[in-house]
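Asker:
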Amino acid sequence: MQIGISTACFYPEVLENGFEKLLNCGFRFFEVFVNTFSELHHPYLDQLKIQAESRGAKILSLHPFTSGFESFLLFSAYERRFEDGMEFYRQYFEAAAFLGAEILVLHGQRKERAGDIPEEIYFERYHRLFELGKTYGITLAQENVNAFCSENPEFLHRMRSYLHGDCAFVLDLKQAVRSGHDPFETCAQMGEQLIHIHLNDHKPGKDCLLPGRGITDYGRLMRQLKRQNYKGNLIIEVYRKNFGGRQDLIEAKRKAEAIQKYFYTISS
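If you count by my numbering, then the sequence shown holds residues 132 to 399, one letter each, in order.
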C-alpha cells in the first residue's frame, strides 16, 4: 500500500505546475488528472514522464477529463457513438501505459440517464472497455460517484454479480458521503474487486476534507479493507478550496502514513 495524491487537488492550475507543487511536498505516488486533449498526446506526455522520473515519482493511475460526458460518449442508446467512444478512450489507455500507470478511473452513466440503456448493456459495455484496457496493461476501474448510477452500493453489487467479478472498483469516501450512502457499505459491495481508494475526510456540513480533519473512522476502514484482501493504494483527493497551503498537504500525508502503518500492523 502506497500513499499518493491526485493532481486534481490543484485544479484549475495547469497539470505540470500542480504536479511540481505536490512533488515539492514530498509525494512520490500520484493519480494524474488530465484536463484537456493536448495532455493526452506527445510531446506533453514525454515532458510529464520526464518530470516524474527525474524526481523518482510513480504515476499509479489516470483520470479522464471526459468523465462528466461518459453518459453521452459511452452509455447512450446510440451504439455507433459507443464504438467511437471506445476508440477515443483508447487514447487514455495508451497515455496511462506510457506514463507507467496501471489504472484508469471511470465515472460512467449519470443517474438521470439511467433509463437510456438497460443496466445489463451498461455492464457489457463497461466490460468491453475493461477488456480493451487489459490489452494495454491497464485496469478500468468503476468509481462510486455522486449523481451517477455508481453512487448506489446495490448497483455496484449487481455489476459485480453480472460480470462474475471480472471488473474493478475505485472507492471515493467523499463521493459516498455526498450521495448519502454509507462509505463502508459502498466499500463492502466492491468486494475484492476494490483496487484503488480516493482518501479524504468529512464532518457535518463539510463532505470533502483532508484526511484527519473530520470524523472518518479510518481504523474501521482499514479493518474492512483487510477483510476484503485489499492490495491497492491510498490516494489523497480533495479540491483546491479544501486546503490552505503546502503545510496542510504535508500534514495530510503524515496522517495517511499513520493510516497505512495501522493497516500494516493488522495485516502482519
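Note that the Cβ used here is the ideal one computed from N, Cα and C, for glycine as well.
Assuming Gln324 is part of the beta strand (DSSP E), what are its boundary residues?
Answerer: No beta strand (DSSP E) contains Gln324, which DSSP labels as neither H nor E.
Asker: With distances taken between CB atoms, is the gap from Asp247 to Ser207 smaller than 8 angstroms?
Answerer: Yes, these two residues count as a Cβ contact at 8 angstroms.
Asker: If you draw a straight line from the alpha carbon of Ile269 to that of Phe254, how long is it in whole angstroms?
Answerer: Roughly 18 angstroms between the two C-alpha positions.
Asker: Just to confirm the assignment, what range does the alpha helix (DSSP H) spanning Phe300 have?
Answerer: First-last for Phe300: 300-303, but that is the beta strand (DSSP E), not the alpha helix (DSSP H).
Asker: In the DSSP assignment, find the unbroken beta strand (DSSP E) run with Gly311 in it and report its ends.
Answerer: No beta strand (DSSP E) contains Gly311, which DSSP labels as neither H nor E.
Asker: Can you tell me whether Thr396 is helix, strand or coil according to DSSP?
Answerer: In this structure, Thr396 counts as helix in the three-state DSSP scheme.
Asker: State the CB to CB distance for the pair Ile366 and His329, rounded to an integer number of angstroms; the pair is presumed to be in contact (CB under 8 angstroms).
Answerer: Confirmed, Cβ separation roughly 6 angstroms.
Asker: Closest by CA to Phe213, which one among Ile190, Asn373, Gln320, Ile252?
Answerer: Closest option to Phe213, Cα to Cα, is Ile252.
Asker: Looking at Arg354: is its Cβ nearer than 8 angstroms to the Cβ of Ile397?
Answerer: A contact, by the Cβ cut-off of 8 angstroms.
Asker: Between Gln273 and Val308, how many whole angstroms is the CB-CB distance? I'm expecting something under 8 angstroms.
Answerer: Their Cβ separation, rounded to whole angstroms, is 18 angstroms, which puts Gln273 and Val308 out of contact at 8 angstroms.
Asker: Hey, would you say Ala139 sits closer than 8 angstroms to Leu191, going by beta carbons?
Answerer: No, Cβ-Cβ distance for Ala139 and Leu191 is not below 8 angstroms.
Asker: If you check the beta carbons only, do Pro335 and Lys386 fall under 8 angstroms apart?
Answerer: No.
Asker: Have a look at Ile134 and Asp303 and give me their C-alpha separation to the nearest angstrom.
Answerer: So the two alpha carbons sit approximately 15 angstroms from each other.
Asker: Taking Asn373 and Leu340 to be in contact with their CB atoms under 8 angstroms, please state how far apart those CB atoms are, rounded to whole angstroms.
Answerer: With 8 angstroms as the limit, Asn373 and Leu340 qualify as a contact, their Cβ atoms being about 6 angstroms apart.
Asker: Confirm the yes/no value for this check: CB of Gln178, any heavy atom of the ligand ZN, distance under 7 angstroms.
Answerer: Ligands displayed in this structure: none; no statement on the ligand ZN is therefore possible.
Asker: So, for Arg344: in the same chain, excluding its five sequence neighbours on each side, which residues have a beta-carbon less than 6 angstroms away from its beta-carbon?
Answerer: Excluding sequence neighbours, Arg344 sits near Asp332.
Asker: Determine the direct distance from the alpha carbon of Leu294 to that of Gly375, and round the result to whole angstroms.
Answerer: Taking the straight line from one Cα to the other gives about 43 angstroms.
Asker: Counting only the same chain and skipping the five closest in sequence on each side, list residues whose C-beta sits under 6 angstroms from that of Leu204.
Answerer: Closer than 6 angstroms at the Cβ level, and outside the excluded window around Leu204, lie Gly216.
Asker: Using 8 angstroms for Cβ pairs, my map puts Phe150 next to Gln182. What's the rounded Cβ distance?
Answerer: Correct: roughly 6 angstroms between the Cβ atoms.
Asker: Applying the 10 Å Cβ sphere with the 16-neighbour rule, what's the burial state of Glu388?
Answerer: Under this definition Glu388 is an exposed residue.
Asker: Which partner residues of His173 appear in the DSSP bridge assignment?
Answerer: Per DSSP, none; premise fails for His173.
Asker: In whole angstroms, give me the CA-to-CA distance for Ile234 and Arg221.
Answerer: Approximately 13 angstroms between the Cα atoms of the pair.
Asker: Please list, in chain order, all residues of the same chain as Gln359 whose beta carbon is under 8 angstroms from its beta carbon, the five residues on each side excluded.
Answerer: Cβ neighbours of Gln359 beyond the five flanking positions: Cys318, Ala319, Met321, Gly322, Glu323, Leu325.
Asker: Please report the residue range of the beta strand (DSSP E) in which Phe164 lies.
Answerer: First-last of the beta strand (DSSP E) with Phe164: 160-164.
Asker: Decide if Pro174 is buried, meaning its Cβ has at least 16 other Cβ atoms within 10 Å, or exposed.
Answerer: Exposed, because fewer than 16 other Cβ atoms sit within 10 Å of the Cβ of Pro174.
Asker: With a threshold of 16 other CB atoms inside 10 Å of the CB of Ile136, please say whether the residue is buried or exposed.
Answerer: It is buried - the Cβ of Ile136 has at least 16 other Cβ atoms within 10 Å.
Asker: Rounded to whole angstroms, what is the Cα-Cα separation between Tyr395 and Asn364?
Answerer: Computed Cα separation, rounded: 12 angstroms.
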